[in-house]
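Have a look at the structure below before the remarks.
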Amino acid sequence: MGGNHYLPLSDVDRCDMLKEIGVDSIDDLFSDIPQEVRFKRDLDLPPAMSELEAIKHLNYLAAKNKHLNNCTSFMGAGVYDHFIPSVIKHITGRSEFYTSYTPYQPEISQGILQAIFEYQTMICQLTGMDVANASMYDGGTAVAEGAIMGVGATRRSKALVSRSVSPFYRAVLQNYFNSRGLELEEIPLKDGSTDFSKLEAMIDDQVASVVVQQPNFFGLVEDLDGVAEIIHKHKAVMIVSVDPISLPLLKAPADYGADIVVGEGQSLGVPPSFGGPLLGIMSARNKFVRQLPGRIAGETVDSEGNRGFVLTLQTREQHIRREKASSNICSNEALVALAAAVYMASMGPQGMREVAEQCVQKAAYACEKISALDGYDMAFKGQNFKEFAVKVPAKPEQLNKQLLQKSILGGVDVSPFYPEMENTMLFAVTEKRTREEIDTLVRELEGLK
Amino acid sequence: MRKHKALLFEMGRAGRCGYSLPSSDVPEKAVDELLPGNMQRKEQLELPELSEVEVVRHYTELSTRNFGVDTGFYPLGSCTMKYNPKVNEEVAALPGFAFMHPCQPEDTAQGALELYYNMEQSLKELTGMDRFTMQPAAGAHGELTGLMVIQAYHRHRGDQQRNKVLIPVTAHGTNPATVTMAGYEVIQIPADERGNVDLEALKEAVDETTSALMLTNPSTLGLFEEEIMEMAKVVHEAGGLLYYDGANLNAIMGYARPGDMGFDVVHLNIHKTLSTPHGGGGPGSGPVGVKERLAPFLPKPLVDKKDDQFHFNYDLPNSIGKVHSFYGNFGVVIKAYNYVCMMGGAGLKQASTDAVLNANYLASLLQKNYYIPYDRIRKHEFVVSAKPEKKKGAGAGDIAKALLDRGFHPPTVYFPLIVDEALMTEPTDTESKETLDNYARAMEEIARAIEENAEKVAASPYNTVVGRLDEVRAARSPVLRWQKE
Numbered sequence: 000m001g002g003n004h005y006l007p008l009s010d011v012d013r014c015d016m017l018k019e020i021g022v023d024s025i026d027d028l029f030s031d032i033p034q035e036v037r038f039k040r041d042l043d044l045p046p047a048m049s050e051l052e053a054i055k056h057l058n059y060l061a062a063k064n065k066h067l068n069n070c071t072s073f074m075g076a077g078v079y080d081h082f083i084p085s086v087i088k089h090i091t092g093r094s095e096f097y098t099s100y101t102p103y104q105p106e107i108s109q110g111i112l113q114a115i116f117e118y119q120t121m122i123c124q125l126t127g128m129d130v131a132n133a134s135m136y137d138g139g140t141a142v143a144e145g146a147i148m149g150v151g152a153t154r155r156s157k158a159l160v161s162r163s164v165s166p167f168y169r170a171v172l173q174n175y176f177n178s179r180g181l182e183l184e185e186i187p188l189k190d191g192s193t194d195f196s197k198l199e200a201m202i203d204d205q206v207a208s209v210v211v212q213q214p215n216f217f218g219l220v221e222d223l224d225g226v227a228e229i230i231h232k233h234k235a236v237m238i239v240s241v242d243p244i245s246l247p248l249l250k251a252p253a254d255y256g257a258d259i260v261v262g263e264g265q266s267l268g269v270p271p272s273f274g275g276p277l278l279g280i281m282s283a284r285n286k287f288v289r290q291l292p293g294r295i296a297g298e299t300v301d302s303e304g305n306r307g308f309v310l311t312l313q314t315r316e317q318h319i320r321r322e323k324a325s326s327n328i329c330s331n332e333a334l335v336a337l338a339a340a341v342y343m344a345s346m347g348p349q350g351m352r353e354v355a356e357q358c359v360q361k362a363a364y365a366c367e368k369i370s371a372l373d374g375y376d377m378a379f380k381g382q383n384f385k386e387f388a389v390k391v392p393a394k395p396e397q398l399n400k401q402l403l404q405k406s407i408l409g410g411v412d413v414s415p416f417y418p419e420m421e422n423t424m425l426f427a428v429t430e431k432r433t434r435e436e437i438d439t440l441v442r443e444l445e446g447l448k
Numbered sequence: 000m001r002k003h004k005a006l007l008f009e010m011g012r013a014g015r016c017g018y019s020l021p022s023s024d025v026p027e028k029a030v031d032e033l034l035p036g037n038m039q040r041k042e043q044l045e046l047p048e049l050s051e052v053e054v055v056r057h058y059t060e061l062s063t064r065n066f067g068v069d070t071g072f073y074p075l076g077s078c079t080m081k082y083n084p085k086v087n088e089e090v091a092a093l094p095g096f097a098f099m100h101p102c103q104p105e106d107t108a109q110g111a112l113e114l115y116y117n118m119e120q121s122l123k124e125l126t127g128m129d130r131f132t133m134q135p136a137a138g139a140h141g142e143l144t145g146l147m148v149i150q151a152y153h154r155h156r157g158d159q160q161r162n163k164v165l166i167p168v169t170a171h172g173t174n175p176a177t178v179t180m181a182g183y184e185v186i187q188i189p190a191d192e193r194g195n196v197d198l199e200a201l202k203e204a205v206d207e208t209t210s211a212l213m214l215t216n217p218s219t220l221g222l223f224e225e226e227i228m229e230m231a232k233v234v235h236e237a238g239g240l241l242y243y244d245g246a247n248l249n250a251i252m253g254y255a256r257p258g259d260m261g262f263d264v265v266h267l268n269i270h271k272t273l274s275t276p277h278g279g280g281g282p283g284s285g286p287v288g289v290k291e292r293l294a295p296f297l298p299k300p301l302v303d304k305k306d307d308q309f310h311f312n313y314d315l316p317n318s319i320g321k322v323h324s325f326y327g328n329f330g331v332v333i334k335a336y337n338y339v340c341m342m343g344g345a346g347l348k349q350a351s352t353d354a355v356l357n358a359n360y361l362a363s364l365l366q367k368n369y370y371i372p373y374d375r376i377r378k379h380e381f382v383v384s385a386k387p388e389k390k391k392g393a394g395a396g397d398i399a400k401a402l403l404d405r406g407f408h409p410p411t412v413y414f415p416l417i418v419d420e421a422l423m424t425e426p427t428d429t430e431s432k433e434t435l436d437n438y439a440r441a442m443e444e445i446a447r448a449i450e451e452n453a454e455k456v457a458a459s460p461y462n463t464v465v466g467r468l469d470e471v472r473a474a475r476s477p478v479l480r481w482q483k484e
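Protein chains in written order, with numbering that gives the first Met the number 0: chain A, 0 to 448; chain B, 0 to 484.
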């Protein structure tokens, strides 16, 4: 039988235990399951594998996939190929961390609680917000829950979201809003960025929040100065979705008036994992702390006056407040938040800045080279962080297929999400790309047009 | 001597660094040329400056201040803290999985899609459902997804007035919170004297506004709902649907399937039942399975197979849409898949057998010193009531702290709400008889200690890195981040 090495009871143990319980057989332990619902045959699952066979099988499946370590990737759209320092997997691989659960018993969970408290602090340092939580599932759910916070804080039932916010996030947001019977309207684009001239006309005193993204889905750095004033005039909430890796160079959202800052934290030392587990960032100004979803670690003292950490403000949470909770989230992405914290601690202010600068420089170089090619044009004017949209002279699917023959994972096709943008690809260039890799991409694209 | 651990921010020196990057090899431009001036950060980011060794020692020390399943017995009720096989971690970290991009072309992701496909087949067999999505990233996320699917189903049929979801009083807190998230109203159903859902009360509660009944079976009392078929009939006859919260599936694998009990939608917590680690709070994974008639409403994409090729199917016009930016916690699904491969059908059934045997055995030992309400055969967990001990001066919370001193993670305390001073205890299938015996001895010792000096027990713990922490103070004057003096 499979899995014997995970099941310590011996047959003798089982007999002794049945005797102690006072029943004759294992069947007696399941006698409370009514006959009519009993499962009467054996589970028809593939035959059990030994550890060696399982490893071989999983290696066989993994070998069928291309990945960022055997290709040169220019794919982004929310998940990026950034460098991951070795220390991270050694820390997250400590089983005292990864085999624990939510720190309900703080006296034996100081490790993860302090790590979360430090993570919250670093997220606040990046965003300029007053308070951050221990994580959401991903960028999409962080955006959706941010907008629901806005609804809770204003008692209004409508949100505006820019079309320059990731279509993946908007899809999640739309779904959460549909379910709850809330209204969502999209602010149109102008040259790839939010058309804020339309915002004045769209916003009114029914609007709970306005959601924007910086840098936006097309990698453009939007001009968000003055936007908060328009939003706040109507007592609505400004929500900004960020890529934290850009924040060493870009203004903290607090400095241009954001109220809630959310985002995808995968850039911070987390493998792409085919899109999950990711890291939902959630932070806000103090006045929204009661609406924050999820776990929050806070500082306190023990019986002897020593500093220690606990989960706090739990009266917001489902296990205490039930149907009145600010969210239903229970399990989060704590181990991924730990990875992000180790990343930020390792990189420090200098390393974080250097990564951001190399992204901007290398993306600018790639941008210049590609737009100089015949048939390739920048889709939008404006300044980009590490990603840019290009009008290409062929079907993106076709281009990607050919690039793949040179072991290049090309750009993301944006037309499924923006039907008006035919033959437009999104290329991401991180600090990991070398000049030679970029030049190879450019050369290949030139040959493909 | 207890001592606090320095924070990252209290360590390091200006100019110290813990990273190594290659120099940029592209022609450099002034940042001002590349980024709009008014959107640039003016002052340096405020982050700690540490060398690599300081970072490693900091987190290593933190890890020693943490208790996991690998540290010791962790009978946290309804959380199924079973052993997390090491090989799971190894296979999930393979670059062919961990370094895949979610937007890479399908023909370069065939192994990943095959894994999703195979996993779906196994979950279908395990639960008796017809289709699964792996998109939900946790149990509560699965609950929300499931209710959204139910909502879409009713709305599609023009059944707009169904705005209530019924929940038994024993339900996990996520259930009512999820109901609110989905825009529904909660109707609570009481339990009867045997711990089952009160069938008469259920009959009273259902009507044409009932969208669904959410049920955990076995319940958080560790009891199988003996009237499940009758309950299903009552709800279905009123036009409602049955939702199965899979938090406690570890009790019944191979013995009963939610799909055969009349459930229309289920979510599984594969980080519980299928052995993936809980990660200090996450990531988890909460696949949702449905019966055929609800399949059109599942989130998109689903994974389908055609001519031995696997692909994402986005052609689902009635789908609720997306609940996750991509396809869910793939990295977690890999681990659960590996576990299912290794256990096989008989192995999974044995896991449930041992989980139930361990729970009944431990309950039988603890009953000698403690009161356990609802005295009947239990499934994978049971609830001790420390009400008598509380009267003597040390309640469930204090017993939990006294267990810390004896090297055990305590049970879930003060839940379910219908048991006073509850200690919800789930030993799981991966614990030995000796471990259970030792735990029972520790509980006996605590019971004696309460008789002798309850006040002393109530001041536990004594042997942990910090003493009992002041949670009231933490909530009353919140300090939620470090700040420079």
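From the three backbone atoms N, C-alpha and C, an ideal C-beta is built for every residue, glycine too. Since this is a predicted model, take the numbers as computed values, not measurements.
What three-state label does DSSP hand V341 of chain A in the structure shown?
What you label residue 341 of chain A is simply residue 342 of the first sequence in a count that begins at 1. Three-state result, V341 of chain A: helix.
Do the CB positions of T429 of chain A and D80 of chain A come within less than 8 Å of each other?
As a working mapping, residue 429 of chain A is identified with position 430 in the first sequence. As a working mapping, residue 80 of chain A is identified with position 81 in the first sequence. Contact flag set, yes.
Do the stretch 50 to 62 of chain B and the stretch 366 to 385 of chain A make contact, defined as three or more Cβ pairs closer than 8 Å?
With a cut-off of 8 Å, the stretch 366 to 385 of chain A and the stretch 50 to 62 of chain B do not count as touching, because too few Cβ pairs lie within range.
Check the Cβ-Cβ distances between K65 of chain A and every residue of chain B, and say whether any is below 8 Å.
As a position in the first sequence, residue 65 of chain A is number 66, starting the count at 1. Yes, contact with chain B.
Cutting at 8 Å between CB atoms, please list the residues of its own chain near E435 of chain A, excluding the five before and the five after it.
Position 436 of the first sequence, counted from the start, is the residue given in the question as residue 435 of chain A. Result list for E435 of chain A: empty, nothing under 8 Å.
Measuring CA to CA, which of B:E430, B:L403, B:V205 is closest to P105 of chain A?
The sequence position of residue 105 of chain A within the first sequence is 106, counting from 1. Per the Cα distances, B:L403.
For a contact defined as C-beta to C-beta under 8 Å, what are the partners of L293 of chain B on chain A?
If you number the second sequence from 1, residue 293 of chain B lands on position 294. The contacting residues do not exist; L293 of chain B stays about 15 Å from chain A at best.
Let me make sure I understand the geometry here. Which of B:T208, B:V25, B:N174 has the alpha-carbon closest to that of K163 of chain B?
Counting from one through the second sequence, the residue named residue 163 of chain B turns up at place 164. Considering only alpha carbons, the answer is B:T208.
What does the alpha-carbon distance come out to for the pair E50 of chain A and C14 of chain A?
Mapped onto the first sequence, residue 50 of chain A falls at position 51. Mapped onto the first sequence, residue 14 of chain A falls at position 15. Taking the straight line from one Cα to the other gives about 28 Å.
Beta-carbon within less than 8 Å of I20 of chain A's beta-carbon, same chain only, minus the 5 sequence neighbours each way: which residues are those?
Numbered from its first residue, the first sequence carries residue 20 of chain A at position 21. Closer than 8 Å at Cβ, skipping near neighbours: L28.
Which runs of the alpha helix (DSSP H), 4 residues or longer, sit entirely within the stretch 2 to 60 of chain B?
30 to 33, all fully within the stretch 2 to 60 of chain B.
Starting from D69 of chain B, find everything on chain A with Cβ-Cβ shorter than 8 Å and list it in chain order.
Mapped onto the second sequence, residue 69 of chain B falls at position 70. The answer, in chain order, is S94, E95, T98.
Hey, could you find the ends of the alpha helix (DSSP H) A92 of chain B is sitting in?
Your numbering for residue 92 of chain B matches position 93 in the second sequence. Per DSSP, A92 of chain B belongs to no alpha helix (DSSP H) and is neither H nor E.
From B:D129, B:E9, B:L46, pick the residue whose C-alpha is nearest to that of R292 of chain B; which is it?
Indexing the second sequence from 1 puts residue 292 of chain B at position 293. Minimum Cα distance to R292 of chain B is reached at B:D129.
On the three-pair Cβ rule with 8 Å, is the stretch 7 to 26 of chain B touching the stretch 400 to 419 of chain A?
Result no; under three Cβ-Cβ pairs closer than 8 Å.
Hey, is T424 of chain B's beta-carbon within less than 8 Å of any beta-carbon in chain A?
Numbered from 1 along the second sequence, position 425 holds the residue referred to as residue 424 of chain B. No, T424 of chain B lies away from the interface with chain A (no Cβ there is under 8 Å from its Cβ).
Under the three-state reduction of DSSP, which class applies to I188 of chain B: helix, strand or coil?
The sequence position of residue 188 of chain B within the second sequence is 189, counting from 1. Three-state result, I188 of chain B: strand.
Name the DSSP bridge partner or partners of F309 of chain B?
Residue numbering aside, residue 309 of chain B sits at position 310 when the second sequence is read from its first letter. B:K304.
Can you tell me which of the three DSSP states Q482 of chain B falls into?
As a working mapping, residue 482 of chain B is identified with position 483 in the second sequence. In the structure shown, Q482 of chain B sits in coil (DSSP, three-state: anything other than H, G, I, E or B).
Along the chain, where does the alpha helix (DSSP H) containing R450 of chain A start, and where does it finish?
The displayed coordinates of chain A run from 0 to 448. Any statement about residue 450 of chain A would go beyond what the structure contains.
Can you tell me the Cα-Cα spacing of Q124 of chain A and L20 of chain B, whole angstroms?
What you label residue 124 of chain A is simply residue 125 of the first sequence in a count that begins at 1. What you label residue 20 of chain B is simply residue 21 of the second sequence in a count that begins at 1. Their Cα atoms are separated by approximately 23 Å.
Helix or strand or just coil, what does DSSP make of Q159 of chain B?
Sequence index remark: in the second sequence, residue 159 of chain B carries index 160 (1-based). Coil, per DSSP.
When the Cα of V269 of chain A is compared with those of A:R179, A:A333, A:M424, which residue comes out closest?
Residue numbering aside, residue 269 of chain A sits at position 270 when the first sequence is read from its first letter. Ranking A:R179, A:A333, A:M424 by Cα distance to V269 of chain A puts A:A333 first.
Using a Cβ-Cβ cut-off of 8 Å, state whether E356 of chain A counts as contacting chain B.
Taking the first sequence and counting its residues from 1, the one referred to as residue 356 of chain A is at position 357. With 8 Å as the cut-off, E356 of chain A counts as an interface residue toward chain B.
Which partner residues does G279 of chain A have in the DSSP bridge list?
The sequence position of residue 279 of chain A within the first sequence is 280, counting from 1. Per DSSP, A:M135, A:E263.
In whole angstroms, what separates the C-alpha of E470 of chain B from that of H140 of chain B?
Position 471 of the second sequence, counted from the start, is the residue given in the question as residue 470 of chain B. Position 141 of the second sequence, counted from the start, is the residue given in the question as residue 140 of chain B. Whole-angstrom Cα-Cα distance: 28 Å.
So what's M351 of chain A in DSSP terms, helix, strand or just coil?
Along the first sequence, one-based indexing puts residue 351 of chain A at 352. M351 of chain A falls in the helix class under three-state DSSP.
Would you mind working out which of B:P298, B:T107, B:L315 sits nearest K63 of chain A, comparing C-alpha positions?
Position 64 of the first sequence, counted from the start, is the residue given in the question as residue 63 of chain A. Measuring from the Cα of K63 of chain A, the nearest candidate turns out to be B:T107.
Would you say R375 of chain B reaches chain A, if we count a Cβ-Cβ gap shorter than 8 Å as a contact?
Here residue 375 of chain B is taken as the residue at index 376 of the second sequence, counted from 1. Interface residue, yes.
So, does the CB of F167 of chain A fall closer than 8 Å to a CB anywhere in chain B?
By 1-based counting over the first sequence, the position of residue 167 of chain A is 168. Yes, F167 of chain A counts as interfacial toward chain B.
What are the partner residues of I407 of chain A, as DSSP defines its beta bridges?
Taking the first sequence and counting its residues from 1, the one referred to as residue 407 of chain A is at position 408. Answer is A:T71.
Cα-Cα, which of B:E45, B:M80, B:G172, B:R161 is closest to T120 of chain A?
On the first sequence, position 121 is the one that residue 120 of chain A refers to. Closest by alpha carbon: B:E45.
Give me the Cβ distance between G327 of chain B and Q134 of chain B, rounded to the nearest whole Å; I'm assuming they're in contact under 8 Å.
By 1-based counting over the second sequence, the position of residue 327 of chain B is 328. By 1-based counting over the second sequence, the position of residue 134 of chain B is 135. Right, the Cβ-Cβ distance comes to about 4 Å (below 8 Å), so this counts as a contact.
Listed in chain order, which residues of the stretch 92 to 122 of chain B have Cβ atoms closer than 7 Å to some Cβ of chain A?
Hits within the stretch, in order: L93, P94, G95, F96, A97, F98, M99, H100, P101, C102, Q103, P104, T107, A108, Q109, G110, A111, E113, L114, S121.
Look up Q103 of chain B in the DSSP assignment and say whether it is helix, strand or coil.
As a first step, residue 103 of chain B is located in the second sequence; it is residue number 104 there, counting from the start. Reduced to three states, the DSSP call for Q103 of chain B is coil.
Mind checking the stretch 45 to 65 of chain B against chain A and listing, in chain order, the residues whose C-beta falls within less than 9 Å of any C-beta there?
The residues in question are E45, L46, P47, E48, L49, E51, E53, V54, V55, H57, Y58, T59, E60, L61, S62, T63, R64, N65.
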